[in-house]
Amino acid sequence: MQRNWWKESFVYQIYPRSFMDSNGDGIGDIPGITQKLDYLKDLGVETLWLSPIFKSPNDDNGYDVSDYCDIMDEFGNMDDFDEMLAEMKKRGMRLVLDLVANHSSDEHHWFQEAKKSKDNPYRDYYIWREANPDGSLPNNWQSIFEGPAWEYNEATDDYYLHLFTRKQPDLNWENPKLRKEIYDIMHFWFKKGIDGFRMDVIPFISKREGLPDVPYNDNEPAMISQTNWYANGPRLHEFLHEMHEEVLKHYDCMSVGEGIGVGPDDGVLYVDPERKELNMVYYFDHIYSNRDFKEGGLKDIDWIGFKKIIRDWDEAIPEEKGWNTFYLGNHDQVRSVSCFGNDKEYRVESAKMLATMLLTLRVTPYVYQGEELGMTNTPFSSVEELNDVWILNEYEVFKENGGSEEDFLKHVNTASREHARTPFLWNDKEHAGFTTGKPWLKVNPNYTEINAVKAQQDPGSVFNFYKELIKLRKDHKGLIYGLYNDLTPDSQELFVFSRKGIDGNYLILLNLTDKEKEYVLPSELGLGKLLIGNYEGNNFNGRLKPYQAMVFEIVA
Ligand code: GLC
Ligand code: CA
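Residue numbers (this note's numbering): 1 to 556.
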């Protein structure tokens with residue numbers, strides 16, 4: 001077993017725009033993060049991942065970078081960054097930045113140059129194609145966020161590729177000069193003292209040769225056909241290995257790829273230590289297990305399928321083949337308690353149950369800001385309250401097809417990524433203490449009930465349960481490295497699994513439903529001490545209360 005800090009730590013993700021505003025302009029910023037480091041320390045955070053903080057015109061809230069070595073105006077400046085990093089180090093924390101290297105902003109000077117002429121030195125930093133002889137677009141690729149993936153450029157009379165918005169042109173990784181630029185950027189940040197990168201849509205960086213048409217089929221949502229076709233191109237692993245050799249191997253760092261379009265069989269290729277590429281990759285399969293791509297919104301969770309996904313990944317990446325991840329929420333998803341739990345009468349119980357799942361699997365867990373408070377989805381009542389470029393583009397299409405605002409909001413309110421981006425709830429004061437100005441995005445009206453100050457003071461809060469779990473995981477290495485065994489693969493209602501490690505064996509019992517459920521322990525299994533639970537009582541009596549979660553030591 002290879003021990004590493006990035007296996008033993010969990011990762012706490014901050015979406016800086018929504019975390020804490022220090023100067024009253026309504027937008028979260030870097031000094032705001034610095035102000036709140038003691039809060040994070042209290043929770044037990046050791047590793048922080050910040051969504052992009054680089055210069056950006058914010059077409060996609062920072063996932064469109066116009067200068068990779070400078071700070072976004074709204075977030076502060078390099079001095080603010082240096083101070084934040086120094087304050088993190090003082091508290092023994094590590095910092096992971098978000099590398100958005102599949103595409104840049106169209107306002108990046110590389111692209112500003114590239115679009116000028118066909119012989120511009122930056123031309124080959126991007127991907128250009130001419131229209132077909134009949135005038136049609138180079139291929140049938142659709143951008144994930146809006147219409148065709150090709151945008152016309154007048155000066156050169158051809159098209160550039162953008163898998164996301166037209167303001168996010170794809171970078172050409174076939175060009176060694178471009179790759180060198182990216183590696184230099186990574187060195188720049190490592191030399192400042194950061195500890196790693198989360199890599200945005202990294203499976204997309206190598207494009208299929210000849211850019212062949214996406215083979216759409218009726219049995220699959222278009223989004224899935226596209227992402228599978230764009231991901232895992234022929235030179236991907238060559239590029240990642242090169243990045244490892246040129247950059248990553250020179251630092252004691254962590255690297256995690258956003259594994260869009262990646263299944264367990266390809267997943268292992270990213271993380272197998274022998275291959276020398278990345279440390280971890282995080283997948284989407286379980287998050288999609290209750291997505292209704294056809295009708296929009298969410299459908300009932302297929303928990304059997306959900307657990308199979310966890311098992312398949314666990315089996316595909318055994319100890320010697322690398323390391324796994326797990327998450328229930330991030331800045332692209334709905335709030336986990338609203339999606340996988342019950343954000344009404346069992347909000348606290350179900351948020352704690354989900355936390356128990358997240359922090360006891362054989363993975364590095366990723367916790368998204370506000371999850372530790374059990375923050376819920378926000379009721380949006382008009383399209384005017386929305387900000388996300390993806391959602392707003394979808395609304396245009398929805399309207400064109402005759403859909404009403406009311407119907408659109410139904411989808412938004414169950415399954416949009418805007419919910420993750422509403423401001424962090426700090427206290428019960430105006431705008432939940434996030435800003436003294438006008439917040440850039442609606443504040444969840446439930447902030448008087450759910451907020452950090454209240455949660456820190458309440459011993460029964462989701463926050464204090466997280467804190468206890470984080471400590472438990474730190475103190476029991478078997479909960480990190482121990483072998484995973486799913487004891488209820490066929491249950492739609494219960495999730496019971498064991499962890500067997502060198503320092504002890506553990507049993508995790510989770511009731512996934514709002515009803516009391518029976519569970520018969522395997523006869524050979526003897527339970528020891530209850531290490532943590534979300535209800536009163538230290539014994540297991542064969543029944544689990546709604547959303548009950550218990551972690552026991554196994555004695556026999
Ligand atoms: C990733 C990010 C998402 C962003 C997209 C384009 O999926 O997580 O927020 O919009 O890439 O960069
Ligand atoms: Ca601000």
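Each residue gets a CB set at the ideal place from its N, CA and C atoms; glycine is no exception.
Owing to the predicted nature of the structure, the values given are computational and were not obtained by experimental measurement.
State the Cα-Cα distance for the pair residue i and residue j, rounded to the nearest angstrom.
i	j	result
Trp-323	Asp-272	8 Å
Gln-112	Tyr-68	15 Å
Leu-358	Phe-10	10 Å
Asp-266	Asn-232	8 Å
Thr-325	Asn-279	10 Å
Gln-333	His-103	21 Å
Ser-51	Leu-85	15 Å
Ala-222	Leu-531	45 Å
Arg-499	Ser-18	36 Å
Asp-312	Phe-293	23 Å
His-411	Arg-3	43 Å
Asp-300	Val-496	20 Å
Gly-433	Asn-427	5 Å
Asn-172	Tyr-12	31 Å
Arg-198	Gly-257	6 Å
Lys-399	Ala-415	18 Å
Thr-356	Val-462	11 Å
Arg-129	Met-243	27 Å
Val-520	Leu-483	22 Å
Val-348	Glu-154	56 Å
Leu-479	Ser-206	36 Å
Ala-351	Gly-341	6 Å
Phe-75	Lys-191	21 Å
Check each candidate in the options and name the one with the smallest Cα separation from residue i.
i	options	result
Val-551	Lys-529, Gly-542, Glu-536, Asn-541	Lys-529
His-557	Glu-87, Arg-473, Tyr-270, Thr-364	No answer is possible for residue 557: it lies beyond the span of the chain, which begins at 1 and ends at 556.
Thr-535	Leu-525, Tyr-547, Ile-554	Correcting the residue type first, residue 535 is Tyr in the shown sequence and not Thr. Among Leu-525, Tyr-547, Ile-554, the Cα nearest to that of Tyr-535 is on Tyr-547.
Gln-142	Leu-178, Trp-440, Asp-42, Asn-228	Asn-228
Gly-32	Asp-21, Leu-525, Asp-314	Asp-21
His-419	Trp-440, Pro-379, Glu-430	Pro-379
Gly-193	His-250, Lys-308, Lys-471, Glu-384	His-250
Tyr-447	Asp-29, Asn-153, Gly-374, His-187	Gly-374
Ile-304	Tyr-346, Asp-490, Phe-204	Asp-490
Asp-486	Glu-238, Glu-87, Ile-310, Glu-295	Ile-310
Gly-196	Glu-220, Lys-167, Lys-207, Asp-252	Asp-252
Glu-174	Ile-144, Pro-234, Asp-119, Val-201	Pro-234
Tyr-122	Met-88, Glu-146, Lys-177	Lys-177
Ser-66	Lys-89, Thr-376, Ile-185	Ile-185
Tyr-346	Ala-101, Val-397, Tyr-125, Leu-512	Leu-512
Glu-372	Ser-117, Leu-510, Tyr-327, Glu-396	Tyr-327
Val-453	Lys-36, Pro-215, Glu-46, Leu-494	Lys-36
His-237	Phe-204, Gly-210, Val-337, Pro-215	Phe-204
Arg-362	Gly-341, Glu-315, Glu-220, Leu-298	Glu-315
Asp-64	Tyr-466, Asp-42, Phe-164	Phe-164
Tyr-506	Lys-517, Ile-287, Asp-475	Asp-475
Gly-210	Pro-138, Trp-440, Asp-458	Pro-138
Less than 8 Å between the CB atoms is what I'm expecting for residue i and residue j, so what's the real figure, rounded?
i	j	result
Gly-24	Thr-422	Incorrect: roughly 18 Å between the Cβ atoms, too far for contact.
Leu-48	Met-93	6 Å
Tyr-183	Glu-246	5 Å
Asn-132	Asp-213	About 12 Å; that fails the 8 Å criterion.
Val-555	Gly-533	Contact flag wrong, Cβ pair sits at about 17 Å.
Ile-317	Gly-44	So it is not a contact: roughly 26 Å between Cβ atoms.
Gly-62	Ile-71	Gly-62 to Ile-71, Cβ: 11 Å. No contact.
Val-100	Asp-200	4 Å
Thr-376	Arg-335	5 Å
Tell me the DSSP bridge mates of residue i?
i	result
Ser-255	Phe-197
Asp-158	Asn-153
Asn-569	This structure cannot settle anything about residue 569, because the visible part of the chain is limited to 1 through 556.
Gly-533	Met-550
Asp-98	Arg-198
Trp-128	Tyr-160
Val-367	Tyr-12
Thr-325	Thr-364
Is residue i near ligand 3, in the sense that its beta carbon is under 7 Å from a heavy atom of that ligand?
i	result
Asp-79	Inclusion of ligand 3 in the displayed structure is not the case, the ligand content consisting of ligand 1 and ligand 2 alone.
Exercise. In chain order, what are the residues with a CB under 5 Å from some non-hydrogen atom of ligand 1?
Worked result: Asp-60, Tyr-63, Phe-164, Asp-200, Val-201, Asp-332
Problem set entry | Check your reading: residues with Cβ closer than 6 Å to ligand 2 heavy atoms | Asp-21, Ser-22, Asn-23, Asp-25, Ile-27, Asp-29
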